[in-house]
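In this text, residue positions in the sequence shown follow the working numbering: the first is 6, and each later residue adds one. One structure is given here, and the rest of the page talks about it.
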Amino acid sequence: MVSEDRIRVTKKRFVAAALLFASVCLAGCGTRPINVALATADEAYGYRLSSKRANRGLPDTEILLTFSGGGTRAAAFSFGVLEELRRTNVDVAGNNVQLLDEVGYISGVSGGSFTALAFGLHGAALFNDYPTRFLYRDVQGEIVRRTLNPLNWPRLQSTGIGRSELAADYYDEILFENANFGDLIQRAGPFISSTSTDISTGARFAFTQDDFDLICSDLSQVKLSRAAATSSAVPIVLSPVTFNNYGGHCGYRLPAWAEAARSGRSDEGRLVQRSRELTRFQDSSTRPYLHLVDGGIADNLGLRATLERFRGAHASREYRQQLGLERLKRTLIVVVNARSEPGTSWDRSENGPGALALLMQSLSVPIDRTSFEALELLRDLLRRWRQDDESNAFPGVRLYPVVISLDEVADPALRKRLMAMPTSLSLPAADVDLLRSQAAVLLKTSPVFQRFLEDLKQQR
């Protein structure tokens with residue numbers, strides 16, 4: 006027979022366990038981070054390209070970088086390009102210029118957004134410890150462990166909170182140190198644009214104040230970690246990230262190129278389509294929330310915003326003046342494409358791929374296709390400018406497009422190995438270092454890049 010003392014002890018333990026469980030639940034429960042509303046849209050306020058006009062050594066030269074998606078593979082590959090730019094010094098009119106210091110704009114998507122945002126925050130200090138802080142880590146494994154940890158389950162049941170919010174917390178711990186976009190305004194260095202996709206419409210949405218003006222929200226208080234988590238929120242694997250939409254209540258006006266497109270003063274069909282997308286973001290009455298996912302779905306190269314900028318400048322002189330583009334003599338565009346091509350055995354069997362494999366492939370195929378189209382758009386733009394100088398919005402400006410892609414690795418065996426690397430957020434250190442070194446080789450041996458350097462040296 007059980008004694009009364011033992012019953013009392015058992016009851017106390019049960020009560021203690023219940024209290025502990027309740028405290029864990031209360032601690033775990035919470036709300037997602039709420040982006041702050043903006044009372045008035047002001048072109049002079051916030052983190053936007055015009056707020057980051059650096060006083061660089063070559064004011065007539067612009068260097069733009071775009072970092073594609075692709076997990077740690079993309080992060081390492083883009084970091085290798087930064088490392089090579091840092092090693093590249095050019096004598097210009099008797100002055101020694103480090104090319105990395107001349108970079109004015111970096112667009113990052115998904116895996117590439119980690120490198121872009123981290124460089125925007127840490128600057129040259131990133132070269133001391135980025136591999137150990139991020140590239141060499143099993144980031145994916147840690148996110149899985151945190152998702153499976155029962156202590157996090159109550160929080161995951163809260164409204165608007167999913168696996169991507171847990172990932173953002175982890176990114177803060179290892180890389181971003183709770184910094185927000187307001188902190189980037191104070192930093193020297195290039196303007197950083199991290200891109201996501203509006204899952205409802207498929208439209209591109211960037212973490213810039215220009216895009217946050219659309220939803221009448223203040224980007225300055227949004228954490229970099231949340232931007233990285235949003236840009237890399239692969240559907241199914243990670244959850245969409247939710248933002249409040251306050252659009253239509255802050256006096257926002259569409260940019261000059263979008264007004265021209267909407268009023269029919271532009272024959273650029275893509276600009277017309279983009280102006281419609283911008284208008285839809287402003288409709289907060291029917292869209293009070295945005296659910297954003299991996300930027301690679303809309304623009305895996307991070308190139309479309311740059312193309313849009315050039316097309317907009319071509320269509321609107323006012324927009325050219327706003328961006329200060331009329332002073333330019335040369336523009337270097339480096340597109341870092343970490344596209345993969347993992348082998349499959351599907352075509353050697355009568356049975357097709359399984360449901361999960363088919364689902365993941367259905368995401369990657371259109372991403373690769375749209376990336377190809379973006380590169381073709383860049384080439385078309387260059388051809389148009391060469392063929393019709395009178396319509397060139399930048400008379401006398403030389404464009405130097407450099408595409409750094411794993412497709413361009415000369416050795417077939419090495420190329421196959423690199424392109425077979427997974428798009429996960431986890432790679433062996435040896436693979437990370439190989440990607441870094443190959444990115445440097447591809448940039449250094451690019452004929453277009455070498456021509457750009459030679460032209461710089463001729464400047465007097």
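Positions of the beta carbon are idealized from the N, C-alpha and C atoms, including for glycine.
Item	Value
Have a look at L383 and P433 and give me their C-alpha separation to the nearest angstrom.	34 Å
Comparing C-alpha positions only, which one of S345, L312, N342, R344 sits nearest to T336?	L312
State the beta-bridge partners of N249 as determined by DSSP.	Y294
Taking the beta strand (DSSP E) that A211 falls in, what are its first and last residues?	209-211
Quick one: which unbroken beta strand (DSSP E) runs of 3-plus residues sit fully inside the region 105-165? Chain order, please.	108-114
Can you name, in chain order, every residue of its own chain whose Cβ lies under 6 Å from the Cβ of I302, other than the five neighbours on each side?	T202
CA-CA distance, Y141 and Y257?	43 Å
Assuming contact is defined by CB atoms lying nearer than 8 Å, are G125 and A79 in contact in what I supplied?	no
Taking 8 Å as the cut-off, decide whether the C-beta atoms of V108 and G62 are in contact.	no
Give every residue of the same chain whose Cβ lies closer than 8 Å to the Cβ of T66, excluding the five residues on either side of it in the sequence, and list them in chain order.	E107, L333, K334, R335, T336, L337, L461
Among residues of its own chain, excluding the 5 on either side of L458, which ones have a beta-carbon nearer than 7 Å to its beta-carbon?	V95
Which residue comes first and which comes last in the beta strand (DSSP E) that contains E67?	66-72
Ignoring anything shorter than 3 residues or poking outside the region 162-244, list the beta strand (DSSP E) runs there in chain order.	196-203, 209-211
In the structure shown, what three-state DSSP assignment does R37 receive?	coil
Return helix, strand or coil for T77, following the three-state DSSP convention.	helix
Is V370 buried or exposed, if buried means 16 or more other CB atoms sit within 10 Å of its CB?	In this prediction, V370 has a pLDDT of 49, which is less than 50 and means its spatial position is unreliable; nothing more can be read from the coordinates.
Run through DSSP, which three-state label would Q443 get?	helix
How about F286: is its Cβ closer than 7 Å to a heavy atom in the ligand ADP?	Looking at this structure, you won't find the ligand ADP or any other ligand, since it has none at all.
By the three-class DSSP mapping on this structure, what secondary structure does R335 have?	strand
Taking the alpha carbon of Y251 as the reference point, which residue from A266, E413, Y294, V242 has its own alpha carbon closest?	Y294
Using the three-state DSSP reduction, which class does A42 fall into: helix, strand or coil?	strand
I need the boundaries of the beta strand (DSSP E) containing D460, first residue and last residue.	Counting along the chain, D460 falls outside any beta strand (DSSP E), though it belongs to the alpha helix (DSSP H) covering 452-462.
Should V340 and L306 be called a contact, given that it needs their Cβ atoms to be closer than 8 Å?	yes
What does S410 pair with, by DSSP beta-bridge criteria?	N342
Compare the Cα-Cα distances from Y52 to each of R267, R422, Q191 and report the closest residue.	Q191
Reducing DSSP to helix, strand and coil, say where Q278 ends up.	helix
Starting from D47, follow the beta strand (DSSP E) in both directions and report where the run begins and ends.	That residue, D47, is in no beta strand (DSSP E); it is neither H nor E in DSSP.
Mind checking Q443: buried by the 16 CB within 10 Å criterion, or exposed?	buried
Applying the 10 Å Cβ sphere with the 16-neighbour rule, what's the burial state of G74?	buried
Give me whichever residues DSSP pairs with D416 in a beta bridge.	In DSSP, D416 forms no bridge with anything.
Ordered along the chain, which non-local residues of its own chain (more than five positions away) have a Cβ less than 6 Å from that of A418?	none
Would R209 be called buried (16 or more neighbouring beta carbons within 10 Å of its own) or exposed?	buried
Suppose the cutoff is 6 Å on Cβ atoms and the five residues either side in sequence are ignored; what does the same chain contact list for L411 look like?	L423, M424
What does a CB cutoff of less than 8 Å around S289 pick up in its chain, not counting 5 residues either side in sequence?	I220, C221, N250, Y251, G252, G253, H254
What number of angstroms, rounded off, separates the C-alpha of V298 from the C-alpha of A184?	21 Å
Indicate whether I197 and G113 have their beta-carbon atoms separated by less than 8 Å.	yes
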